[in-house]
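Student: Under full-length UniProt numbering, think of the first position of the sequence shown as 1, with each following residue one higher.
Provided herewith is a single structure, encoded as structure tokens, for subsequent inquiry.
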Amino acid sequence: MAKEPIALEHIQPLLPESLRHIASLIGYPATLKLIDVFGGTTFPFGRGKHPRGQHRQAMLVAAIGEEAAACLSQHFAGTELYIPNAAAAMREWRNQRFLSEFNQLLNEGNSALMAISKLCPIFGFSDRHAWSLLSRYKHSGTLNHQCDLF
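Spelled out as structure tokens, the structure:
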């Protein structure tokens, strides 16, 4: 049985307050899409009176969907909002997903080497980085309790 993927909520304490606020308005899946597309930029929320604002609104709708875009546009109308890229939180989220999937593959009977071979291309990092992550989390005790956490 496949485990559910680790949700962004699990790294909530690492997210900047502004992203936690946005997530409370539009949910974590849409917030993740917002970070992917606009992270590290300032987004001006217009009042819908200027064509440039309508173009930005269309970009926002394309990124996060009409309902979430309408919610943010109404909430932040007439203001500029810096959307953090949350690099540290995104790395930790990726690492937690990697560790969870690594444990799942081990529980399914795969060797650690096979798990690394399968996961590194998916997560986009080298096997050396994967072994380093495993070592770091094992020494912190996180790896041993990973299945219990998620």
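Glycine is no exception: its CB is placed at the ideal position from the N, C-alpha and C atoms.
Note that the coordinates shown come from a computational prediction; the quantities given were computed from them, not determined experimentally.
1) Would you grab the beta carbon distance between A63 and F38 for me? Rounded to a whole angstrom, and I think it's under 8 Å.
2) What is the DSSP secondary structure of S132, counted as helix, strand or coil?
3) Quick check on the DSSP output: what are the complete alpha helix (DSSP H) runs of length 4 or more inside the stretch 56 to 121, in order along the chain?
4) Rounded to a whole number of angstroms, what is the C-alpha to C-alpha distance between A20 and Q57?
5) Once you ignore the five residues that flank A115 on each side, which residues in its own chain have a CB closer than 7 Å to its CB?
6) Take every Cβ of the stretch 17 to 32, pair it with every Cβ of the stretch 42 to 49, and state whether three or more of those distances are shorter than 8 Å.
7) Could you please give the first and the last residue of the uninterrupted alpha helix (DSSP H) stretch that includes F43?
8) According to the neighbour-count rule (16 or more other Cβ atoms, all chains shown, within 10 Å of its Cβ), is L113 buried or exposed?
9) Which of the three DSSP states, helix, strand or coil, is assigned to S126?
10) For A68, which residues in the same chain have their Cβ closer than 6 Å to its Cβ, ignoring the five residues on either side in sequence?
11) Would E92 and L14 qualify as a contact pair, given that the criterion is a beta-carbon distance under 7 Å?
12) Between M1 and S100, what straight-line distance do the alpha-carbon atoms span, to the nearest angstrom?
Tutor: Looking at the coordinates:
1) 7 Å
2) helix
3) As far as the stretch 56 to 121 is concerned, its whole alpha helix (DSSP H) runs of at least 4 residues are 66 to 75 and 87 to 107.
4) A small fix is needed here, since residue 20 is Arg in this sequence, not Ala. Each residue's alpha carbon lies about 21 Å from the other.
5) F102, L105 and L106
6) no
7) No alpha helix (DSSP H) contains F43, which is instead part of the beta strand (DSSP E) from T41 to P44.
8) It counts as exposed.
9) In the three-state reduction of the DSSP assignment, S126 falls in the coil class.
10) I26 and A30
11) yes
12) Residue placement at M1 cannot be trusted, given a pLDDT of 37 that sits under 50; the coordinates are not used to answer.
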